[in-house]
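My numbering puts the first residue of the sequence shown at -15, with every later residue one more than the last.
All residues carry an ideal CB built from backbone N, CA and C; glycine is no exception.
Values in this document were obtained by computation on a predicted structure and should not be read as measured data.
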Amino acid sequence: MDTLLTADFWIGIFKIIWIDVILSGDNAVVIALAARALPPEQQRKAILWGCGFAIALRVALTVVAAQLMQLPLLEILGGCLLLWIGVGLLQGEAPSTTSTHTPHRNAGMFTAVRTILLADLVMCLDNVIAVAATAQGDMTLLVFGLALSIPLVLFGSTLMIRLMERFPWIVLLGAALIGWVAGETIINDHLLLGVSQQYPALKYIAAVCGAALVLAVGLRLKQRQRSATD
């Protein structure tokens, strides 16, 4: 109880709130992109299931996050996975709302949940590590940080879906953001640490290249899909 009265504890709380607000944004974008193509009644289910699995994943990752990030090639593989996810999400089209074929609709929801989980596996690492580093072994702060990220992602993803429905160009920005994070993830890999530290500008170059690659490949494949259906 005495810990709750110390200035260091409340400073830690403030830091964790700020970290969660900043780092939960990209996760919310991924969830919104994955769920936007589902019928409205399935969007909430996909978000809840996706976030539920993501929460369990974050708890598990918190224990081993620091050790995982030291493994060479892990972030390169994660970044490549994000590039693939970004391209796939950019191609997604909203299904017909008149369709009532339940197995097909359920398959769409499970696909969205799988996409959310895969993307969160990569993108939540920075959040988990930042919160763990700020908590410095304080389990109260650690649990608070994990718990706070849940409503932020839930609310953020629901808001992003509404914005994407009203402003379709936000989908392009969301896909570009995923590509940006993918580029940063790749260049931050332990294997490339020496090069990225020697040339700090590479971080931004890799991020821009990742965003450009997702947009270029995603839009090209989407154009081919449209040509094939015409």
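Just confirm the distance between the C-beta atoms of Gly63 and Ile170, as a whole number of angstroms; I'd bet it's less than 8 Å. Translated into the one-based positions of the sequence shown, residue 63 becomes position 79. Translated into the one-based positions of the sequence shown, residue 170 becomes position 186. Under the criterion of beta carbons closer than 8 Å, Gly63 and Ile170 qualify as touching, at roughly 3 Å.
When we look at the beta-carbon of Asp175 and count the other beta-carbons within 10 Å, is it buried (16 or more) or exposed? Within the sequence shown, residue 175 is the residue found at index 191, counting from 1. The residue asked about is misnamed: residue 175 is Leu in this sequence, not Asp. Counting the other CB atoms within 10 Å of its CB gives Leu175 a total below 16, which places it among the exposed residues.
Taking the continuous alpha helix (DSSP H) assigned at Arg208, which residues delimit it? The count along the sequence shown starts at 1 and reaches residue 208 at position 224. Here the alpha helix (DSSP H) through Arg208 covers 185 to 213.
Take Leu32 as the anchor and find which of Leu105, Leu138, Ala16, Gln75 has the nearest alpha-carbon. Residue mapping note: residue 32 aligns to position 48 of the sequence shown, counting from 1. Ranking Leu105, Leu138, Ala16, Gln75 by Cα distance to Leu32 puts Leu138 first.
With a threshold of 16 other CB atoms inside 10 Å of the CB of Gly178, please say whether the residue is buried or exposed. Here residue 178 refers to the residue found at position 194 when the sequence shown is read from its first residue. Gly178 is classed as exposed because its beta carbon has fewer than 16 other beta carbons within 10 Å across all chains shown.
Classify Ala40 as helix, strand or coil using the three-state DSSP reduction. Within the sequence shown, residue 40 is the residue found at index 56, counting from 1. In the displayed model, Ala40 falls within a helix according to three-state DSSP.
Nearest-angstrom Cα separation, counted from Leu147 out to Asp10: Stepping through the sequence shown from its first residue, residue 10 is reached at position 26. Stepping through the sequence shown from its first residue, residue 147 is reached at position 163. Going by the C-alpha atoms only, they are around 15 Å apart.
Could you have a look at Ile(-5) and say whether DSSP puts it in helix, strand or coil? Taking the sequence shown and counting its residues from 1, one reaches residue -5 at position 11. Judged by DSSP in its simplified three-state form, Ile(-5) adopts helix.
Between Gly194 and chain B, is any beta-carbon pair separated by less than 8 Å? No chain B is part of this structure, which consists of one protein chain only.
Given a threshold of 16 other Cβ atoms within 10 Å of its Cβ, counted over all protein chains shown, does Ala200 qualify as buried or as exposed? Within the sequence shown, residue 200 is the residue found at index 216, counting from 1. Classification of Ala200: exposed, given that the 10 Å Cβ count is below 16.
Test item: CB-CB of Gly194 and Val13 under 8 Å: If you number the sequence shown from 1, residue 194 lands on position 210. If you number the sequence shown from 1, residue 13 lands on position 29. Their beta carbons are not under 8 Å apart, which means Gly194 does not touch Val13 by this criterion.
Nonlocal neighbours in the same chain, by C-beta distance under 8 Å from Lys206, ignoring five residues either side: Within the sequence shown, residue 206 is the residue found at index 222, counting from 1. Within its own chain, the residues whose Cβ lies closer than 8 Å to the Cβ of Lys206, once the five positions on either side in sequence are excluded, are Leu74, Gln75, listed in chain order.
Whole-Å CB distance - Gly34 paired with Ile100, under 8 Å assumed: As a position in the sequence shown, residue 34 is number 50, starting the count at 1. As a position in the sequence shown, residue 100 is number 116, starting the count at 1. Right, the Cβ-Cβ distance comes to about 3 Å (below 8 Å), so this counts as a contact.
Helix or strand or just coil, what does DSSP make of Phe151? Indexing the sequence shown from 1 puts residue 151 at position 167. Of the three classes helix, strand and coil, the one that applies to Phe151 here is coil, per DSSP.
State yes or no: is the C-beta of Ile145 within less than 8 Å of the C-beta of Ala21? Locating residue 145 in the sequence shown gives position 161, counting from the first residue. Locating residue 21 in the sequence shown gives position 37, counting from the first residue. No.
If you run the structure through DSSP and keep just helix, strand and coil, what is Asn172? As a position in the sequence shown, residue 172 is number 188, starting the count at 1. Asn172: coil per DSSP, three-state reduction.
What does the alpha-carbon distance come out to for the pair Ser133 and Ala190? By 1-based counting over the sequence shown, the position of residue 133 is 149. By 1-based counting over the sequence shown, the position of residue 190 is 206. A straight line joining the alpha-carbon of Ser133 with that of Ala190 spans about 27 Å.
For the alpha helix (DSSP H) holding Leu177, just list the boundary residues, first then last. Here residue 177 refers to the residue found at position 193 of the sequence shown. Residues 177 to 182.
Nearest-angstrom Cα separation, counted from Gln182 out to Ala30: Here residue 30 is taken as the residue at index 46 of the sequence shown, counted from 1. Here residue 182 is taken as the residue at index 198 of the sequence shown, counted from 1. Their backbone Cα atoms lie some 42 Å apart in a straight line.
Closest to Val165 by CA distance: which of Pro152, Phe94, Trp68 is it? For this step, residue 165 is matched to residue 181 along the sequence shown. When only C-alpha atoms are compared, the closest one is Trp68.
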